[in-house]
Structure formats: C-alpha cells, structure tokens
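Asks:
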Amino acid sequence: MLVYLIRRIGQSLLVIAVMAFLVFLAVYAVGDPVAILANPEANQAELDAIAARLGLDRPIWEQFGIFVWNALQGDLGTSFVYSESALKVIIERLPATMELAFVALLLSILIGVPLGVIAGLKPDSLVGRSIMSTSILGFSLPNFWIGLMLILLFAVELRWLPASGRGETVEVLGVHLSMFTWNGLSHLLLPAITLALYKSSLVIRIAQAGTREVMLQDYVRFARAKGLSSRRIVFVHVLKNMLIPVVTVLGLELGSMIAFAVVTETVFSYPGMGKLLIDSINRLDRPIVVAYLMLTVFIFVIINLVVDLLYAAIDPRVRLSEAKG
Amino acid sequence: MSDLSPHASARPLAGPAAGMPVDASVPPAAPDKGESLLRRHVSSFFESWSAIIGLVVLVLSVMAALLAPWIAPQNPYDLASLSIMDNMLPPGEIFGMGQTAYLGTDDQGRDMLSAILYGLRVSLTVGASSVLIAAVIGASLGVLAAYAGGRVESFVMRVVDLQLSFPAILVALVLLAVFGRGVDKVVIALVVVQWAYYARTVRGSALVEKRREYIEAARCLALPRRRIVFRHLLPNCIPPLIVVATVQIANAIALESTLSFLGVGVPVTEPSLGMLIANGYGYLLSGNYWISTFPGVALVIVIVAINLVGDRLRDVLNPRLAK
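As they're listed, the protein sequences go chains A and B.
Read in order, the letters of the first sequence correspond to residues 1 to 325 in my numbering.
Read in order, the letters of the second sequence correspond to residues 326 to 648 in my numbering.
(1) Tell me whether Asp403(B) sits in a helix, a strand or coil according to DSSP, three-state version.
(2) Quick check on this structure: which residue in Ser373(B), Phe370(B) and Val381(B) has the alpha carbon closest to the alpha carbon of Val627(B)?
(3) DSSP three-state call for Phe21(A): helix, strand or coil?
(4) So which residues of chain A does Tyr402(B) contact, with C-beta pairs closer than 9 Å?
(5) Give the straight-line distance between the Cα atoms of Val289(A) and Arg544(B), rounded to the nearest whole angstrom.
(6) Say the cut is 6 Å; is the CB of Ile50(A) nearer than that to a heavy atom of the ligand PLP?
(7) Taking the straight line between their C-alpha atoms, what separation do you get for Leu305(A) and Val512(B)?
(8) Ordered along the chain, which non-local residues of its own chain (more than five positions away) have a Cβ less than 7 Å from that of Pro162(A)?
(9) Using the C-alpha atoms, what's the distance from Ala192(A) back to Leu559(B)?
(10) Would Val533(B) pass as an interface residue toward chain A - the criterion being a Cβ-Cβ separation below 7 Å?
(11) Would Arg637(B) and Ala376(B) be called neighbours here (beta carbons separated by less than 7 Å)?
(12) Give the straight-line distance between the Cα atoms of Leu363(B) and Thr571(B), rounded to the nearest whole angstrom.
(13) Counting only the same chain and skipping the five closest in sequence on each side, list residues whose C-beta sits under 8 Å from that of Leu383(B).
(14) For Thr140(A), which option in Ile90(A), Arg129(A), Phe268(A) and Ser200(A) has the closest C-alpha, if you only look at C-alpha atoms?
(15) Compare the Cα-Cα distances from Val496(B) to each of Gln208(A), Glu41(A), Met1(A) and Phe300(A) and report the closest residue.
(16) Considering only DSSP beta bridges, list what Val170(A) is partnered with.
(17) Quick one: Cα of Ala261(A) to Cα of Glu538(B), how far?
(18) Give a yes or no on whether the minimum CB-CB distance between Leu310(A) and chain B is below 7 Å.
(19) In terms of residue numbering, what span does the beta strand (DSSP E) encompassing Phe420(B) cover?
(20) What residues are listed by DSSP as bridge partners for Gln208(A)?
(21) If we call anything under 7 Å between Cβ atoms a contact, is Arg435(B) one with Ala393(B)?
(22) Please report the distance separating the alpha-carbon of Asn412(B) from that of Phe619(B).
(23) Can you have a look at Arg514(B) and say buried or exposed, based on whether 16 or more other CB atoms are within 10 angstroms of its CB?
(24) Going by other Cβ atoms of all chains shown within 10 Å of its Cβ, with 16 needed for buried, is Ile91(A) buried or exposed?
(25) For Ser530(B) and Val569(B), I'd like the C-alpha separation in whole angstroms.
(26) Please classify Ser350(B) as buried or exposed, where buried requires at least 16 neighbouring CB atoms within 10 angstroms.
(27) Residues of chain A with CB closer than 8 Å to the CB of Gly588(B), please, in chain order.
(28) Note down the Cα distance separating Ile578(B) from Thr264(A), rounded to an integer number of angstroms.
(29) Taking the alpha carbon of Val27(A) as the point to measure from, which residue in Ile6(A), Leu56(A) and Glu46(A) has its own alpha carbon closest?
(30) Just to confirm before moving on: does the CB-CB distance between Pro287(A) and Ala49(A) stay below 7 Å?
(31) Output, in sequence order along the chain, the residues in the region 630-645 of chain B whose CB is closer than 9 Å to any CB in chain A.
(32) Does any C-beta atom of chain B lie closer than 7 Å to the C-beta of Val156(A)?
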C-alpha cells in the first residue's frame, strides 16, 4: 500500500506541475493586459512603466520561474484589477460557490433519490417510465437556458423570486453564508435548482438501477417472507443498499459541480468564483485566471487522489496491478 | 457478439477488395450476410416509436438548416435588409415588406425565425464537424494503444484519464479564452475535450477484438501492421463508436451553445443558437421573452432528437441485448 501511495502522490504532483506549465503558457497568450489597464491616452513610457510594475517586461521563462517560486509559497500573483492577492480575491468568493454547490447537491439528492426509487420499484409502470424519460430531458436541456427560463417564469412573470445577486448573508463561524436568511435563501433557490437539474437526472438513473438490482436480492425476498411491511423493506433494506453507488458518484461529481457553477453564476449574476473567472477572462485579469485554474486543478487532483486511494484500500487488485506496471 | 463482425473473417482474405477504402459507417463487402445484418439493425431501430420521431425531427432540422437561405423569410446577416424600425417586435407582428415575424424580432430588427434557421446551421456544423474530427483522432489513438500495448498504451491512456478528470466545460472555456472567438476555434476546443471519450471506447472494444481469429489470420499473412490496425481491427470497433459519437453530437451542440452564451464561443457575425439566447438575455427582465426562448426551444428539440436516436442505437448495436 505504501508503494502505491507514494507512486500515486508522485503522479498527482506531476499532474499539478504539468498543468501549472500549461496554464501559465496558455494564459500568457491571452491578450495584452497593459492595453486594458492603461489610460487610452497613455504614451509608450507610461505603458512600459505599467508593464514593468506588473513584471510583464521580463522574458516568459523568467516570468514562469517567478510564478512557480511564488506559487510554492502560496502566492499566485496580484490581481491587475483588484490590486490584491489573486488567491485572496478567489477565496473570498469561495463560500458563495461552495454554498451554491452544496445546496444543489442536497436538492439533487432530495429530488433524485425518491423519484429514482419509485421508478425502480415499478420500472414498467406509466409513472416509472415517465420519470425515466423526464430524466433524459434533464440530461439534454442546456443548463444556462433552463436558468433563463426559470428567471422568466419565477422572477419576471410570477415575481416570486429574485432574478440575480446573492442576498443577505449572516456570518457563521467566520464565513458569510446566505442560506440562513429568507432573503439569501430566495436568491439561492433558482441557481441551485438550475445547477441541480443535471445531477438529479443522474441520481434518478443510478437510484433506479440500484433499486431494481437490490429488489432482486435474496435479503429483500427474505424480508418479504418474514412478513415485513413493504414500507419497511423500502425504507430500511432497499434505501440503505442503493445509496452506496449514489454517494460514490455524487462525491466524484462535486468537482464538476464547481465547474458548472461558472455557467449558473453567470446566468444569475451570482457573485461566486465562477462569475469571477468569466469576468476576469473578459477583463484580461491574468493572475485571477491563473489562480482560479491552479486552485481548480488542485481540488480535482485531490478529489481523484482520494477516490483512487479509497478504491485501492477497498480493492487490493488495483494497487497490485499498479505496483507491477 | 460474433454476429457483429461477420465480414471480419472474410475481409482479410478478399484479396482485390482489400485495397478499397473502408467506409466505416457501412458494413463493407461480405455480400449477403453483411447486408442482412445491416437490414436487421435498421429494422430493429425502427421498432421504437420514440426513435422514429427523433430521427424524423433530426432529419427535418438538418434539412431546415441546409435550406435556410431558401426558406428563411430574411437573410439575418444581410445588414441592408434589416430595418431598425422592426426591432423588438413581439411574435406575430408584421415586419419589413409585410412579412409576419412568427417568432418576433430581436434588438436589431432581425426576424427570429430566420436567425434561428441560420443559427441552426452554425450549431449543427460545429457539433457534427467537431465530433467527426474528434472521433477520427480518438479512434485512431485508441486502436493504436490497444494494438501496440506496453508503453504506448499506458501513455495514451494516462493522457485520456488526465483529460477526462477535468470537466469539459472548464477546459473548453480556458482554451477559447486563450484562442479567442471563432467557429474554427470552437471546433478545436470541442475536439480537445472530446477525443478522449472515443479513444477509451475504441480501446475497450479493440482489446476484445484483437484476440479474435481474423486478426491472427491477418498476422499470419504477414500483412503490414498499419493495415491490420486500420483495415481489420478498427472497422470492427465501430459499432460502440457510433453510439458514443451520436450522443456526443448532442453534447457538443449543448457545449458550444453554453460557450457562446458565456461570450467565448462563436463570433457575433456568425450567431449560433447559443449566441441568440445570449443576445436575448439582456431583454429577458423587461419581459421580451421571445429572443431567448425560441432559439432555446430549437436547441432543445435538436438535442432531444439526437439523444432519442442515440438511445435507440445503443440498444440496437449492443451485442448483449441482441437476440
């Protein structure tokens, strides 16, 4: 296990290093930030001064070297726009995005599991089949358009919920969260539903397949033979066993939820990390883009590493085959 | 499973025919047997109503996109034919030379129906061409990896794993932020995020196929390696590839529209459906719903149709479900 652990961590570090190089190289090619920041009437000397202040006048390899050295010390550059540490600007917006992803995750379980179990208990009934066909819709519908349609329905036509922004926040354990105020919750609901839609379709599919499988198991048959009520069978025996794959997949999907939040946050003008990324791309604020990408790469590598290590801990074949190759 | 490759054992020995290019989508040569297989697949495809509806809708959409210049009431790119006086007309109003704007007009006085038909062209072109290129690249790498094994295989599959561990939307977003806007650039970005799916799918089936007798026979004939891989191995890995590619066209179209909505996709001069939706975004809050709604409906119809066809293809081509 130790050999596997070391190998796997080494691979993760390699991935981070390769991504750091690619990200830096790619972002270096995005436009000319000096032209954006400078006064349009600035002369060449002033432009040069700005470039020198931002370190953009040095050769690219030197910039990369400085970038790596600073990154190792937790400094991913200073935002051109905010004149603050890029990492700090992002971390400030992290709670908003995490809150959104968390509420969306919760919603997709609350929507997906019951519907999936119902569809799995009666796969050939009209209800079961309509749930499954609706879940195909959830996969197909473009996320951002659903968001727009929700705004149109609930914010413009019915005027029940606000169309954009984050709403009031309260400080909980030093973090600003909006889900504990009515106003904040009402701002959170539409983006969270939008973000949850795709995932709940996924959960419905897994829950349906899991339920069908569990229903055929001997222990369910035995529970029936014992005369247990069908409610007890479903809530205790079936639910417990079909939740395992659901939890596994959702854990893996948490990362993609953060990525998809980019779209949802843009639609709802929700001030999270994703909206910051889009704004920074448009404003050519390179350090923010680089810092965002490095943070995301880091989160993804960690998630993958944890999942792989868990698999290896559970299934010895994985680590044995890895140790050989 | 074996009924999926009836032409396989015959092909390597069919001397003169071997020089002919292999058309991947049609089971080649092997006369009656191959034909009946195709026919069986086709007839089983048409057993499902939802698949028929999906196919009909898809064919109609493609036709509408191809014929846009002839059937659209107006050329939305021709600035001379636009009149600012016609802007933001709700659906059903009269515009221009007394035509009816059945789906309303946008902020520049463009007829939405025409804009959607032209937008469909861009969306479908981007979707289909990116899938085609990605499938060719991915399938070649996948089949090579499976056949070569060893270091080549582990290198290719590591890159595939790496690629798939990052969400497509984020990778494409960054690539386009770097390249800038443009239809060709969107296609490149979509190819980059898609090829790994095909590589993995094809490698999976190639690993099974390469142990079969017809590959052994081809090896015994001392055929060049390239020919074994691309003429004998690859064509037999096509069925699962078709399923993945069909579903991926829908995903590519959705992804393109999302990128265009975020402002990093196609340029303003060639609006795709996603771009049209983005244009209407600013007017949504003032109640001018039609600019965003109708392109979205068109997008959803196309995507659902493709998914229905893909779902059925999966059932038809899945050897485990074959009777």
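The beta carbon of each residue, even a glycine, is placed where N, CA and C say it ideally should be.
Bear in mind that the values here come from a model prediction, so they are computed numbers and not experimental data.
Replies: The answer reads as follows:
(1) Here Asp403(B) carries a coil assignment [DSSP, helix/strand/coil].
(2) Of Ser373(B), Phe370(B) and Val381(B), the residue nearest in Cα terms is Val381(B).
(3) DSSP places Phe21(A) in helix when its eight states are reduced to three.
(4) Those within 9 Å of Tyr402(B) in chain A number zero; the least Cβ separation is about 23 Å.
(5) Distance between the alpha carbons of Val289(A) and Arg544(B): 52 Å.
(6) This structure lacks the ligand PLP; in fact it carries no ligand of any kind.
(7) For Leu305(A) and Val512(B), the distance between alpha carbons rounds to 31 Å.
(8) The beta carbon of Pro162(A) is closer than 7 Å to those of Ala155, Ser186 and His187 in its chain, skipping five residues each way along the sequence.
(9) Here the alpha carbons of Ala192(A) and Leu559(B) stand approximately 44 Å from one another.
(10) It does not: the Cβ of Val533(B) has no partner Cβ on chain A nearer than 7 Å.
(11) Against a cut-off of 7 Å, the Cβ pair of Ala376(B) and Arg637(B) comes out as a contact.
(12) Whole-angstrom Cα-Cα distance: 18 Å.
(13) A distance below 8 Å between beta-carbons, with the five flanking residues on each side excluded, links Leu383(B) to the following residues of its chain, in chain order: Val627, Ala630, Ile631 and Val634.
(14) For clarity, residue 140(A) is Ser in the given sequence; the question names Thr instead. Nearest in C-alpha terms to Ser140(A), of all of Ile90(A), Arg129(A), Phe268(A) and Ser200(A), is Ser200(A).
(15) Out of Gln208(A), Glu41(A), Met1(A) and Phe300(A), Phe300(A) has the C-alpha closest to the C-alpha of Val496(B).
(16) As a beta-bridge residue in DSSP terms, Val170(A) pairs with Leu177(A).
(17) Answer to the nearest angstrom: the Cα atoms are 50 Å apart.
(18) False, the Cβ-Cβ gap to chain B never drops below 7 Å.
(19) First-last of the beta strand (DSSP E) with Phe420(B): Glu418 to Phe420.
(20) Gln208(A) is not bridged to any residue.
(21) Their beta carbons are not under 7 Å apart, which means Arg435(B) does not touch Ala393(B) by this criterion.
(22) Rounded to whole angstroms, Asn412(B) to Phe619(B) spans 16 Å at the Cα level.
(23) With the sequence shown as reference, residue 514(B) is identified as Ala, and Arg is not the correct amino acid for it. So Ala514(B) counts as buried.
(24) Classification for Ile91(A): exposed.
(25) Answer to the nearest angstrom: the Cα atoms are 13 Å apart.
(26) For Ser350(B), the pLDDT reaches just 48, beneath the cut-off of 50, and the residue's location in the model is therefore unreliable, although a value from the coordinates is still provided. With fewer than 16 other Cβ atoms inside 10 Å of its own Cβ, Ser350(B) counts as exposed.
(27) The contacting residues are Ile278 and Asn282.
(28) Just so you know, the alpha carbons of Ile578(B) and Thr264(A) end up roughly 18 Å apart.
(29) Ranking Ile6(A), Leu56(A) and Glu46(A) by Cα distance to Val27(A) puts Leu56(A) first.
(30) One thing to note: Pro287(A) has its Cβ no nearer than 7 Å to the Cβ of Ala49(A).
(31) Sequence-ordered contacts of the region 630-645 of chain B with chain A read Ile631, Asn632, Leu633 and Asp636 [C-beta pairs closer than 9 Å].
(32) At least one chain B Cβ lies under 7 Å of Val156(A).
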